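I have placed the structure first, in the form of structure tokens, so that the comments after it can refer back to it.
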Amino acid sequence: MVLLFELRFFGLWTLWWCCLVTGSRGCQMQHVGIINVTTDLQSDVLLPCNFEATLLGSNKTADIAAVWSQTTIPADNLVEIKLQGEVSFWNNRDKRIKTFPKLSESGNFSILLRNVQQSDLGLYRCELHEGINCMIAYQEVQLGLAAVSEYQKYVIAGASGGAVVLLLSTAGVCYIASKQNDVELRTTRSTSRGRWQRDTQEESTYENDVELKTMRSTSRGRCKRGTKEEAIYENSTEVRTVKSTSRGRCQNPTQESSIYVNCDRNKT
Numbered sequence: 005m006v007l008l009f010e011l012r013f014f015g016l017w018t019l020w021w022c023c024l025v026t027g028s029r030g031c032q033m034q035h036v037g038i039i040n041v042t043t044d045l046q047s048d049v050l051l052p053c054n055f056e057a058t059l060l061g062s063n064k065t066a067d068i069a070a071v072w073s074q075t076t077i078p079a080d081n082l083v084e085i086k087l088q089g090e091v092s093f094w095n096n097r098d099k100r101i102k103t104f105p106k107l108s109e110s111g112n113f114s115i116l117l118r119n120v121q122q123s124d125l126g127l128y129r130c131e132l133h134e135g136i137n138c139m140i141a142y143q144e145v146q147l148g149l150a151a152v153s154e155y156q157k158y159v160i161a162g163a164s165g166g167a168v169v170l171l172l173s174t175a176g177v178c179y180i181a182s183k184q185n186d187v188e189l190r191t192t193r194s195t196s197r198g199r200w201q202r203d204t205q206e207e208s209t210y211e212n213d214v215e216l217k218t219m220r221s222t223s224r225g226r227c228k229r230g231t232k233e234e235a236i237y238e239n240s241t242e243v244r245t246v247k248s249t250s251r252g253r254c255q256n257p258t259q260e261s262s263i264y265v266n267c268d269r270n271k272t
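Residues in the sequence shown are numbered consecutively from 5, following our numbering.
Shown next as structure tokens:
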């Protein structure tokens, strides 16, 4: 009897525990499916999560909510959205997560992730819970980078080629400009040297003219001094000649007088 009572008690306890855990919808933990979503970095992307009305039940006041998390290690819980539209954030990713609480009554618990970063890529999970320990269903979303299409490849290749051409053109322009600057600099230096040589020649010519004028002035002074000396010499010669003539004249009268005396004596 005791053993039978214990078995009945254990059966009732097990049935009550199952009812408590599973709830009215049985806590099925139904896997709805997985959705692949692609996006570009630094863009906005919608992470979808939709559950059928049969999973929600007819009681709109039931304690039903969807919980978003990223399946990292450890798991990163993001936000909880209740059936009545109440929202509770655990990690808002710097206010980059936007919810749509008015759509939750219809079973749409999608969220918008703004300005996608590299760390945002990965597997996300949207779980539908009733109460605390009952998960009715869940849906997975795989977020990855968008594949580059052939057209985008051509665009990227064209942009890269254009960038290379632009870079080469810029380098060519800079090279030509540097060459022109070198030519202008050489021309300027050559012109400066020519001006300096011309100025030097002009200064040399000026100095030669000054020296020539000095030499001419000196020659003229010497000529004038020589002329004066010649004039003085000529004057001296003339004076001597005059003196000699005067002396001769003075001697001649004496001789004439003596001759005259001798003549008179002879006559006598």
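For every residue, glycine included, the Cβ atom is placed at its ideal position computed from N, Cα and C.
These figures come from a predicted structure and were not determined experimentally.
At least one CB of chain B closer than 9 Å to the CB of residue i: is that the case?
{"i": "L125", "result": "Protein chains in the displayed structure number just one, and chain B is not present."}
State buried or exposed for residue i, treating a residue as buried only when at least 16 other CB atoms are found within 10 Å of its CB.
{"i": "A141", "result": "buried"}
{"i": "L189", "result": "exposed"}
{"i": "Y179", "result": "exposed"}
{"i": "D186", "result": "exposed"}
{"i": "Q74", "result": "buried"}
Kindly list the residues whose CB is nearer than 8 Å to the CB of residue i, restricted to its own chain and excluding five residues on each side of it in sequence; keep chain order.
{"i": "D44", "result": "V120, L149, A150"}
{"i": "N96", "result": "L82, V83"}
Helix, strand or coil for residue i? Go by DSSP, reduced to three states.
{"i": "V41", "result": "strand"}
{"i": "C138", "result": "strand"}
{"i": "T103", "result": "strand"}
{"i": "C31", "result": "coil"}
{"i": "Q146", "result": "strand"}
{"i": "K64", "result": "coil"}
{"i": "C53", "result": "coil"}
{"i": "D98", "result": "coil"}
{"i": "Q184", "result": "helix"}
Looking only at its own chain, which residues have a Cβ that is under 6 Å from the Cβ of residue i, when we skip the five neighbours before and after it?
{"i": "T42", "result": "G148, A150"}
For residue i, which residues of its own chain have a beta-carbon under 7 Å away from its beta-carbon, when the five flanking residues on both sides are left out?
{"i": "Q32", "result": "I140, A141"}
{"i": "W94", "result": "N81, L82, V83"}
Just how far apart, CA to CA, sit residue i and residue j?
{"i": "G27", "j": "Y158", "result": "Low confidence applies here, because G27 scores a pLDDT of 43, under 50, leaving its location unreliable; read the following figure in that light. Each residue's alpha carbon lies about 57 Å from the other."}
{"i": "C227", "j": "K217", "result": "Note that C227 has pLDDT 44, beneath the 50 cutoff, so the model's placement of it is unreliable and no number is given."}
{"i": "R118", "j": "L50", "result": "9 Å"}
{"i": "S123", "j": "T76", "result": "10 Å"}
{"i": "K64", "j": "H133", "result": "14 Å"}
{"i": "L171", "j": "S194", "result": "34 Å"}
Kindly give me the distance between the Cβ atoms of residue i and residue j, rounded to whole angstroms, as I take these residues to be in contact under 8 Å.
{"i": "E144", "j": "I68", "result": "Not really, about 19 Å apart at Cβ, beyond 8 Å."}
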